[in-house]
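**Student:**
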Amino acid sequence: MNRKKAGKTIKNIIIFTLIAGLLFVAALLVYGVNSKDKDVDYTSYNPGPRGVKAAYMLAGRMGYDTVRYERPARFLPDNGAMIVIKPDNSLFISGIEQKYLQQWVENGNALILVDEGDALMDTWMSRLAGAAGRPETGVFDAGKGKFVYFGNPEDFINEGLKSYTAGIELMEVLEKLGHKNVLFNEYYHNLGSGTSFLDIIGASGRLILIQIIIALGVLLFIKSRRIGAPTEVLQIIKRRENENLYALSNLYMKSKANTLVLQSYFEKLKLELSKFLGFSSLPDEPDLVKAASGVRFLNEMNIPELVKACNRYIESESRDSRQLFNLVAKIEKIRKGIR
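Quick note, the numbering used here runs 479 ahead of the 1-based positions in the sequence shown.
(1) Rounded to the nearest angstrom, how far is the Cβ of L537 from that of V563, given a contact under 8 Å?
(2) For I817, which residues of its own chain have a beta-carbon under 7 Å away from its beta-carbon, when the five flanking residues on both sides are left out?
(3) Measure the Cβ-Cβ separation of E615 and T522 and say whether it is below 8 Å.
(4) Should F755 be flagged as near chain D, meaning a C-beta pair shorter than 8 Å?
(5) Who are the near neighbours of Q577 in its chain, counting only those whose CB is closer than 6 Å to its CB and skipping five residues on each side?
(6) So the candidates are L640, A770 and M604; which of them puts its Cα closest to the Cα of P632?
(7) Applying the 10 Å Cβ sphere with the 16-neighbour rule, what's the burial state of F635?
(8) Would you tell me roughly how many angstroms separate the C-alpha atoms of S569 and H668, rounded to the nearest one?
(9) What are the start and end residues of the alpha helix (DSSP H) that includes I562?
(10) Which of the three DSSP states is assigned to E633 in this structure?
(11) In whole angstroms, what is the alpha-carbon distance linking E779 and E746?
(12) For N790, collect the residues of the same chain with a Cβ closer than 6 Å to its Cβ; drop the 5 residues on either side in sequence, then sort them by chain order.
(13) Does the distance from the C-beta atom of I813 to that of L767 stay below 8 Å?
(14) Please state if the CB of N660 and the CB of L622 are separated by a distance shorter than 8 Å.
(15) Per the DSSP calculation, G624 is bridged to which residue(s)?
(16) Taking Cβ positions, are K625 and D594 nearer each other than 8 Å?
(17) Y543: buried (16+ other C-beta within 10 angstroms of its C-beta) or exposed?
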């Protein structure tokens with residue numbers, strides 16, 4: 480009898496350890512860890528003489544929506560101007576970064592580079608700013624967008640802005656470019672996050688990964704129960720398409736990864752909607768909502784309100800499992816209707 484009890488105890492310990500490890504891995508995937516020191520030269524975090532926090536604050540006080548951007552060029556948002564001051568060339572002039580940077584600029588955005596010229600070596604930017612000798616300072620057309628080059632980064636650091644000239648020039652350029660959103664790039668100073676596993680697998684891959692984690696977690700949880708099945712969080716009609724929603728609601732109420740779940744479903748919905756509505760690429764949310772409102776059955780599903788609710792939930796990092804369940808159910812209903 481003692482052996483039997485000891486065996487059950489060991490089994491319970493193993494199952495508990497597996498579940499705890501699973502949730503720990505999920506938490507790492509959701510939240511990530513970034514412990515890099517941000518107090519380095521040429522960053523907008525640095526208030527010292529060699530930082531550029533003064534330029535960052537100046538742009539904000541002039542009415543621009545300033546953001547510190549810490550991801551690769553592949554994930555740059557549209558309708559913005561990005562300022563890159565004295566970048567690390569090993570990151571900046573890599574082939575993949577230049578490819579996505581060029582695409583981003585030529586699609587109607589603006590890149591402001593402040594550097595002595597080394598960062599322009601053999602790039603698409605060197606052809607705009609002068610292929611031979613020292614690049615020319617100025618504003619250059621690049622497809623639908625603009626490329627701006629300033630040749631002396633020392634003028635734009637906190638110490639250099641005391642002369643006011645560089646600050647005035649920068650504000651004049653931002654006004655000329657006409658973008659409300661201004662990004663100060665920190666990724667090229669080795670800050671922030673690179674291309675993570677979640678970025679590589681994309682929205683569909685994240686959705687599959689989440690469902691695998693859910694399935695494993697629910698299986699382990701059921702196996703750990705002596706009798707019966709896990710209690711359902713919500714009482715709804717049991718249909719096959721709701722099985723994933725049951726598991727999602729039960730497990731993520733414990734793991735607190737609600738935001739990532741909704742974000743994955745929401746991104747998948749936007750991709751499928753844009754394809755259904757005939758867009759060649761993913762449009763901005765206002766354009767997508769406007770197009771969806773012109774389709775009768777989509778209009779009846781109140782797409783604008785759903786989009787607002789999803790964005791509010793994601794931005795607030797809510798942990799309300801009931802609200803998550805309701806939003807995902809609405810998303811699944813729309814996805815089913817456009818297939």
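Note that beta-carbon positions come from the ideal geometry of N, C-alpha and C, so glycine has one too.
None of the values given here were measured: they were computed from a predicted structure.
**Tutor:** Let's see:
(1) Contact flag wrong, Cβ pair sits at about 17 Å.
(2) E751, L752 and F755
(3) no
(4) The displayed structure is made up of one protein chain only, and chain D is not part of it.
(5) T602
(6) L640
(7) buried
(8) 10 Å
(9) Note, I562: premise wrong, no alpha helix (DSSP H); beta strand (DSSP E) at G559 to I564.
(10) helix
(11) 21 Å
(12) none
(13) no
(14) Looking at the sequence shown, residue 622 is not Leu but Gly. For G622 and N660, no; Cβs fall outside 8 Å.
(15) A621
(16) no
(17) buried
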